[in-house]
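Engineer: In my numbering, the protein residues as written are 11 to 308. Just passing along the structure, written as structure tokens.
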Amino acid sequence: MADPSIVVETAAPLIDVLALLHPTAKRNSLRRMVDHGRVRVDGQKASRANMPLKTGSTVEVLARADGDKPLSKPKEEIPEPEVIYSDNEVIIVDKPAGLLSVATDHGEADTMFDRTAKWAWENGRSRALLVHRLDRDTSGCMIFARTPETKDFLQSQFKDRTIERIYHAVVHREPEAKSGSITLRIQESKDKRVRLVDKGKRAGREAITHWRLEKVGPAHSLIHIKIDTGRRAQIRLHMAHLGCPVAGDNRHGFGMASVNRLCLHATSLGFEHPDGERRVIGTEIPRLLLTELNRRLG
Numbered sequence: 011m012a013d014p015s016i017v018v019e020t021a022a023p024l025i026d027v028l029a030l031l032h033p034t035a036k037r038n039s040l041r042r043m044v045d046h047g048r049v050r051v052d053g054q055k056a057s058r059a060n061m062p063l064k065t066g067s068t069v070e071v072l073a074r075a076d077g078d079k080p081l082s083k084p085k086e087e088i089p090e091p092e093v094i095y096s097d098n099e100v101i102i103v104d105k106p107a108g109l110l111s112v113a114t115d116h117g118e119a120d121t122m123f124d125r126t127a128k129w130a131w132e133n134g135r136s137r138a139l140l141v142h143r144l145d146r147d148t149s150g151c152m153i154f155a156r157t158p159e160t161k162d163f164l165q166s167q168f169k170d171r172t173i174e175r176i177y178h179a180v181v182h183r184e185p186e187a188k189s190g191s192i193t194l195r196i197q198e199s200k201d202k203r204v205r206l207v208d209k210g211k212r213a214g215r216e217a218i219t220h221w222r223l224e225k226v227g228p229a230h231s232l233i234h235i236k237i238d239t240g241r242r243a244q245i246r247l248h249m250a251h252l253g254c255p256v257a258g259d260n261r262h263g264f265g266m267a268s269v270n271r272l273c274l275h276a277t278s279l280g281f282e283h284p285d286g287e288r289r290v291i292g293t294e295i296p297r298l299l300l301t302e303l304n305r306r307l308g
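Below you can see the structure in the form of structure tokens.
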């Protein structure tokens, strides 16, 4: 079956043209089509959902299995990803702090997805399919699938909470307890701001964080964190609620850290591989986080 397409009759933003092709789809779903690389304008991957289109342009929407595919000729050179594990089914990379996982409606050209997709195409002529995301300011392990079947298999593990996600955070102060769990719900507003929901209320979405104290520095502590859910800013909100905000958290903490980054790192992922074996893939705690941990306040 041919991919659905349409010729633009009147100049309009791309998302409005997509709405003509998919009249029952929500606008967020249309934006995701663009984010996932499924939309082509005159044969080129669309950069953003609100990009203006001229009369006569042809818009094509690829099937899900054909999305997330890098262009054979990238518009610009982007850095190589730091690949920490790769086989015929999965690619695991170490995302730098400050890099988006995937483009927003602004159409950023350099994201973790773009870097990994380009690498996958050049190293095996395969796709890199987005399985999950990390917040922009968080560094660490991020897994991509090489096939649609593996993507579904991995995402089902995220949904069933069988993926083990371990983080390390350098936080202000030392918590009163040595370990604990936080189950406060998180609500996201229309303007993408997130906040904790008062205990006992059912607004927002469930968020579960398990933590334990690993090391104490002069003014900061290193916290080992395991999350059951992956809400946006979950760890930052929960650590702030604990009274020990993550160092470098401008929104929920005390502002910029001396190392000029958010001190939160996704250290490892434990998952069932499509071959049936359980794998745990991890990275070292970044040196800058340890520098902040050992810093003395002057």
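All C-beta atoms in this analysis are idealised placements derived from N, C-alpha and C, irrespective of residue type, glycine included.
Are the beta-carbon atoms belonging to S67 and D45 less than 8 angstroms from one another?
Structural biologist: Cβ distance not < 8 angstroms, so S67 and D45 don't count as in contact.
Engineer: With a 10 Å radius around its C-beta and 16 neighbouring C-beta atoms as the bar for buried, classify G265 as buried or exposed.
Structural biologist: Exposed.
Engineer: Which ranges does the alpha helix (DSSP H) cover as unbroken runs of at least 4 residues, wholly within the stretch 146-227, from first to last along the chain?
Structural biologist: Counting only runs of 4 or more, we get 158-170.
Engineer: Please report the straight-line C-alpha distance between K209 and V69, rounded to a whole angstrom.
Structural biologist: Between K209 and V69, the C-alpha separation is close to 47 angstroms.
Engineer: For N260, which residues in the same chain have their Cβ closer than 7 angstroms to its Cβ, ignoring the five residues on either side in sequence?
Structural biologist: Answer for N260: M266, listed in chain order.
Engineer: Closer than 6 angstroms by C-beta to H283: which residues in its own chain qualify, once you throw out the five before and the five after it? Chain order, please.
Structural biologist: Counting only Cβ-Cβ distances below 6 angstroms, and skipping sequence neighbours, we find R289.
Engineer: Kindly indicate which three-state DSSP category A21 falls into: helix, strand or coil?
Structural biologist: DSSP places A21 in coil when its eight states are reduced to three.
Engineer: Just the C-alpha distance for V100 and P296, rounded to the nearest angstrom, thanks.
Structural biologist: Straight-line Cα distance between these residues: approximately 23 angstroms.
Engineer: For the alpha helix (DSSP H) containing H248, list its first residue and its last residue.
Structural biologist: Segment Q244 to L252, the alpha helix (DSSP H) holding H248.
Engineer: Helix, strand or coil: which one does DSSP assign to F123?
Structural biologist: Reduced to three states, the DSSP call for F123 is helix.
Engineer: Can you list, in chain order, the residues of its chain whose CB lies under 7 angstroms from that of L194, leaving out five sequence neighbours each side?
Structural biologist: Once the five neighbours on either side are set aside, the close Cβ partners of L194 are L206, V207, K209, A217, H248 and H251.
Engineer: For E302 versus A257, is the C-beta distance shorter than 8 angstroms?
Structural biologist: Cβ distance < 8 angstroms, so E302 and A257 count as in contact.
Engineer: Let me check one thing: in DSSP terms, what residues is H275 bridge-paired to?
Structural biologist: Partner(s): S149 and H178.
Engineer: Inspect the CB distances between the stretch 123-143 and the stretch 185-202 and report whether three or more fall short of 8 angstroms.
Structural biologist: Judged by Cβ distances under 8 angstroms, the stretch 123-143 makes no contact with the stretch 185-202, as fewer than three pairs qualify.
Engineer: Leaving out five residues before and five after V226 in sequence, what residues of the same chain have Cβ atoms less than 7 angstroms from its Cβ?
Structural biologist: Around V226: E184.
Engineer: Quick check on the burial criterion: 16 or more other C-beta atoms within 10 angstroms. Buried or exposed for R156?
Structural biologist: That one is buried.
Engineer: Going by Cα to Cα distance, which pick from L307, N304, K64 and L299 is closest to S149?
Structural biologist: Measuring from the Cα of S149, the nearest candidate turns out to be L299.
Engineer: If you check the beta carbons only, do L110 and A59 fall under 8 angstroms apart?
Structural biologist: Against a cut-off of 8 angstroms, the Cβ pair of A59 and L110 comes out as no contact.
Engineer: Where does S82 sit, in a helix, a strand or coil, going by DSSP?
Structural biologist: Because the pLDDT of S82 is 41, which lies under 50, any placement of that residue in the model is unreliable, and the number read from its coordinates should be weighed accordingly. Of the three classes helix, strand and coil, the one that applies to S82 here is coil, per DSSP.
Engineer: Please work out which residues of its chain come closer than 6 angstroms, Cβ to Cβ, to P80, disregarding the five sequence neighbours upstream and downstream, and give them in chain order.
Structural biologist: Residue confidence for P80 is low, a pLDDT of 49 falling below 50, so the modelled location carries little weight; the figure read from the coordinates is stated next. Answer for P80: A127, K128 and W131, listed in chain order.
Engineer: So, helix, strand or coil for V269, using DSSP?
Structural biologist: V269: coil per DSSP, three-state reduction.
Engineer: DSSP state of K128, grouped into three classes?
Structural biologist: Here K128 sits in helix by DSSP.
Engineer: Would H220 and K236 be called neighbours here (beta carbons separated by less than 8 angstroms)?
Structural biologist: The answer is yes: Cβ separation under 8 angstroms.
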